[in-house]
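Heads up: the structure comes next, in structure tokens.
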Amino acid sequence: MNPKTEKYYAVDVDLERAAHEAVEYALMEAGALGTETSDRGVTAYFSETPDRERVRDELLEALRIYELPSSSVRDMKVREVEQRDWLEEWKQNWQPVEIGRFIIAPPWTNLENIHDRLVIRIEPGMAFGTGTHETTRLCLNAIQKYYYGGSFLDVGTGTGILAIAAAKLFPEAQIEACDTDETAIAIARENAELNGVAEQINFWVGSIDDSTESVDLVANLTANVVTELIPTLVGVTCGRLILCGILETQVEMVQAALHECGIDNFEIMHDGEWVALII
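The numbers in the working numbering rise by one with no breaks, and the one at position 89 of the sequence shown is 94.
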């Protein structure tokens, strides 16, 4: 089929700002090829006509996980687009992002005058984490502030951006990254190759448990998942534990889980309506 006339489908979701991450997650779970965000909401692209019922179910489930009301999604529309249209639109809307020493950029951009900056090239594919969302920015800032090399484990790695960042900062560090999604791990490995750090990172499908070796650790997950894993996360952390993916309204829930583990002192970093807790 001629790629200039091949049809794709866009799902435009109008939503409250706090629901951006939940909706992105839901659309990727529904089979989207990629997403883009704007002040208006989130747009996802599909290679086939999206199953409205599945998209709706994934949205409701994601809102439930993130403890957001269903009214957070105001409207959803499906439209047909040509491949060349959405690819070009997506590329134009995703520009390089500067986060401390890092510049997060898609593979197709040319960067000039970067000096001593660390460039991370990310091809998102069907995984979450391109550096544009508050949670990813919080994690990257926390890593730059608190990670000094040594063992590092990225739980819920998505595109691999955090593990790649650690490898860029400390080329000799022992770095691992896991995700329960096989597709995400495949994409993360490709991104590590793209950034020349594939040999430095051990990617694996799964999550942590009590047998996981002690490490400096970062978890970029939803608040519910973070809360469930906190006893294990605390148990395997020998240095800093960075918890992201938490809305301001969910901090008390995470604090309560930390208190049960005997932890009451931690730093809170903010970015918009999102927070990171550093223990």
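Note that the Cβ used here is the ideal one computed from N, Cα and C, for glycine as well.
(message) Is the beta carbon of L20 closer than 7 Å to that of S76?
(response) As a working mapping, residue 76 is identified with position 71 in the sequence shown. As a working mapping, residue 20 is identified with position 15 in the sequence shown. Not a contact, by the Cβ cut-off of 7 Å.
(message) Could you tell me the alpha carbon to alpha carbon distance between I108 and T227, rounded to whole angstroms?
(response) Locating residue 108 in the sequence shown gives position 103, counting from the first residue. Locating residue 227 in the sequence shown gives position 222, counting from the first residue. Whole-angstrom Cα-Cα distance: 25 Å.
(request) Out of N225, T232, E278 and G244, point me to the one whose CA is closest to Y30's CA. (result) Within the sequence shown, residue 30 is the residue found at index 25, counting from 1. Looking at the Cα atoms, N225 is the closest of the given residues.
(request) With DSSP collapsed to three states, give me the class of M6. (result) Residue 6 sits at position 1 when you count from the first residue of the sequence shown. Only weak support exists for where M6 lies, its pLDDT of 35 falling under 50; the coordinates are left without a value.
(request) Use the C-beta contact count for T42: other C-beta atoms within 10 angstroms, 16 or more gives buried, fewer gives exposed. (result) Locating residue 42 in the sequence shown gives position 37, where the first residue counts as 1. Classification of T42: buried, given that the 10 Å Cβ count is 16 or more.
(request) Determine, using beta carbons only, whether F208 and A178 come nearer to each other than 7 Å. (result) As a first step, residue 208 must be located in the sequence shown, where it is residue number 203. As a first step, residue 178 must be located in the sequence shown, where it is residue number 173. The answer is no: Cβ separation not under 7 Å.
(message) So, under 8 Å CB-CB, T48 and V16 are touching, yes? Tell me the CB distance rounded to an integer number of Å.
(response) As a position in the sequence shown, residue 48 is number 43, starting the count at 1. As a position in the sequence shown, residue 16 is number 11, starting the count at 1. Yes, T48 and V16 are in contact; Cβ-Cβ is about 7 Å, under 8 Å.
(request) Let me know the secondary structure DSSP gives C266 once reduced to three states. (result) Sequence index remark: in the sequence shown, residue 266 carries index 261 (1-based). Coil.
(request) Please name the residue, chosen from N115, G211 and T188, that lies closest to M33 on a Cα-to-Cα basis. (result) In the sequence shown, the residue the question calls residue 33 occupies position 28. Per the Cα distances, T188.
(message) I'd like to know if the segment 255-271 and the segment 169-176 are in contact, where contact means that at least 3 CB-CB pairs between them fall below 8 Å.
(response) no
(request) Report, in whole angstroms, the separation of the C-beta atoms of V220 and T242, which I expect to be a contact under 8 Å. (result) On the sequence shown, residue 220 is found 215 positions in, with the first residue counted as 1. On the sequence shown, residue 242 is found 237 positions in, with the first residue counted as 1. Contact holds; Cβ gap of about 7 Å.
(request) Give me the Cα-Cα distance between E278 and A27, rounded to the nearest whole angstrom. (result) Counting from 1 along the sequence shown, the entry for residue 278 is found at position 273. Counting from 1 along the sequence shown, the entry for residue 27 is found at position 22. So the two alpha carbons sit approximately 13 Å from each other.
(message) Using the Cβ count rule (16 or more neighbours within 10 Å means buried), how would you classify G267?
(response) The residue labelled residue 267 in the question sits at position 262 within the sequence shown. By the 10 Å Cβ count, G267 comes out exposed.
(request) Could you check which residue in A171, L116 and I273 has the C-alpha nearest to that of T162? (result) Within the sequence shown, the letter at position 157 stands for residue 162. Ranking A171, L116 and I273 by Cα distance to T162 puts A171 first.
(request) Confirm, please, whether the CB-CB distance from L38 to S52 is below 7 Å. (result) As a working mapping, residue 52 is identified with position 47 in the sequence shown. As a working mapping, residue 38 is identified with position 33 in the sequence shown. Cβ atoms of S52 and L38: closer than 7 Å.
(request) Give the range of the beta strand (DSSP E) segment to which N207 is assigned. (result) Taking the first residue of the sequence shown as position 1, residue 207 is located at position 202. Taken as a continuous stretch (DSSP letters only), the beta strand (DSSP E) holding N207 covers I206 to V210.
(message) Among T237, L222 and A193, whose alpha-carbon lies nearest the alpha-carbon of S216?
(response) Residue 216 sits at position 211 when you count from the first residue of the sequence shown. Ranking the options by Cα distance to S216, first place goes to T237.
(request) Sort S156, E198, D121 and A35 by Cα distance to R106 and report the nearest one. (result) Within the sequence shown, numbered from 1, the residue matching residue 106 stands at position 101. Ranking the options by Cα distance to R106, first place goes to D121.
(message) Considering just the uninterrupted stretch of the beta strand (DSSP E) at Y13, what are its terminal residues?
(response) Taking the first residue of the sequence shown as position 1, residue 13 is located at position 8. First-last of the beta strand (DSSP E) with Y13: K12 to L20.
(request) Kindly indicate which three-state DSSP category Y50 falls into: helix, strand or coil? (result) Here residue 50 refers to the residue found at position 45 when the sequence shown is read from its first residue. Correct three-state label for Y50: strand.
(request) Kindly indicate which residue of C249, N196 and E218 has the alpha-carbon position closest to the one of P334. (result) Since the first and last residues shown for the chain are 6 and 284, residue 334 lies out of range.
(message) Taking a contact to mean a Cβ-Cβ separation below 7 Å, would you say L167 touches A281 in this structure?
(response) Locating residue 167 in the sequence shown gives position 162, where the first residue counts as 1. Locating residue 281 in the sequence shown gives position 276, where the first residue counts as 1. Result no, Cβ atoms of L167 and A281 do not sit closer than 7 Å.
(message) Rounded to the nearest angstrom, what separates V223 and E233 at their Cα positions?
(response) For the purposes of this step, residue 223 is taken as residue 218 along the sequence shown, with counting starting at 1. For the purposes of this step, residue 233 is taken as residue 228 along the sequence shown, with counting starting at 1. Their backbone Cα atoms lie some 15 Å apart in a straight line.
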